[in-house]
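First comes the structure, then the notes that go with it.
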Amino acid sequence: MQAGKHIYFLSDFHLGVPTYEDSLEREKLLVRFLDEIKEKAAEIFIVGDMFDFWYEYRHVVPKGYVRILGKLAELADNGIRLHFFVGNHDMWMKDYFQRELNMPVYFEPKEFEWNGKQFLIGHGDGLGPGDHGYKRLKKIFRNPICQWLFGILPPMVGIGTANYMSRKSRAKTGSTEETFLGADREWLITYCKEQLQKKHYDYFIFGHRHLPIDFRLTATSRYINLGDWIRFFTYAVFDGDDLQLISYLNKEEKIIRR
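Count the sequence shown with UniProt numbering and you get residues 1 to 258, in order.
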């Protein structure tokens, strides 16, 4: 890792909701943030759910998001390495990001190492105990035949249906995402502890939970949940020695630290 350079992690923008105006405001804020970090950034990880819905038809991509996509293209062209982990809202990625942004797309958690520090990074959906209904649904969504069947629907029908289902999912979840449930009931903490039985990681970095959490698993291992850019505007940054979870809009008191 180059001296003086940092690695940034952020997730769960959910661009596209709840309204066009709200989404555009968040998108502009994200572009401003990316502009501010570009001189220090060696790599940037977007850890899922950048969009509230994304499906790549053969010749069609969802309308909008030109500011964020243009900024990512600029960063990639300037030599900053970009990474994308698909989330449960944008899992139907194909090769658009790879071709246009030289941005690898990951569908499962992946290991990385910098300066001797071990990282396990992923979106976080479907990991750990519980949530069996979603895990079954995820298998269906990931099935190539199901994806093909969705793809033959006219974009107006397919995208409209997906947006409706996304709104229903969010309404069902409600505001419980803002509450830390305790180590024994946080599924991703359970998952991290299980992984530590197999191999040591200095940092587990996930999204999906929409709650910024910095939880010490052991004396040398931490679980970081990146929160979101809807309420908390949080991100993590690794300077080569240590990793910090920070709120871009000075909402530090909202970060759960244990």
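Glycine residues also receive a C-beta, built at the ideal position from the N, C-alpha and C atoms.
Item                                                                                                                       : Value
The region 191 to 206 contacting the region 218 to 225, beta-carbon criterion three pairs below 8 Å                        : yes
Three-state secondary structure (DSSP) of VAL237                                                                           : strand
Residue(s) in a DSSP beta bridge with TYR106                                                                               : PHE85
C-alpha distance - ASP77 paired with PRO129, whole-angstrom precision                                                      : 41 Å
Counted within 10 angstroms of its Cβ, other Cβ atoms place LEU15 as buried (16 or more) or exposed                        : buried
ILE80 in three-state terms, based on DSSP                                                                                  : coil
Pairwise C-alpha distance: VAL61 and ASP49                                                                                 : 16 Å
Residue of LEU24, ASP35, ILE46 and ILE256 minimising C-alpha distance to GLY124                                            : ILE46
Which of helix, strand or coil DSSP assigns to SER23                                                                       : helix
Proximity test, TYR223 beta-carbon vs the ligand HEM heavy atom, cut-off 6 Å                                               : As for the ligand HEM, it is missing from this structure, which has no ligand bound.
Check whether PHE249 and ALA236 have beta carbons under 7 Å apart                                                          : Note that residue 249 is Leu in the sequence shown here, rather than Phe. Against a cut-off of 7 Å, the Cβ pair of ALA236 and LEU249 comes out as no contact.
THR218 - DSSP class collapsed to helix/strand/coil                                                                         : strand
Per-residue burial, ALA183 [other beta carbons within 10 Å of its own, 16 or more giving buried]                           : exposed
Alpha carbon of GLY64 to alpha carbon of GLN197, nearest angstrom                                                          : 44 Å
In chain order, each beta strand (DSSP E) run of at least 3 residues that lies wholly inside the region 24 to 57           : 41 to 46
Cut-off 6 Å between Cβ atoms - residues of its own chain near ASN115, not counting five sequence neighbours on either side : MET1 and GLY240
N- and C-terminal bounds of the beta strand (DSSP E) containing ILE121                                                     : 117 to 122
Under 7 Å between C-beta atoms of ASP214 and ARG185                                                                        : no
Environment of ALA3 [buried if 16+ CB atoms lie within 10 Å]                                                               : exposed
Environment of ASP95 [buried if 16+ CB atoms lie within 10 Å]                                                              : exposed
Where the beta strand (DSSP E) containing ILE255 begins and where it ends                                                  : ILE255 -> no beta strand (DSSP E), and no H or E assigned at all.
Span separating the alpha-carbon of TYR8 from that of GLY87                                                                : 18 Å
Closest by C-alpha distance to PHE97, when choosing among LEU226, SER11, ALA73 and LEU30                                   : ALA73
6 Å Cβ shell around HIS208 - same chain, five flanking residues per side excluded                                          : HIS123, GLY124 and ASP125
Assigned secondary structure, LEU69 (DSSP; H/G/I helix, E/B strand, else coil)                                             : helix
Beta-carbon spacing of PHE84, VAL66 below 7 Å                                                                              : no
DSSP state of TYR203 mapped onto helix, strand, coil                                                                       : strand
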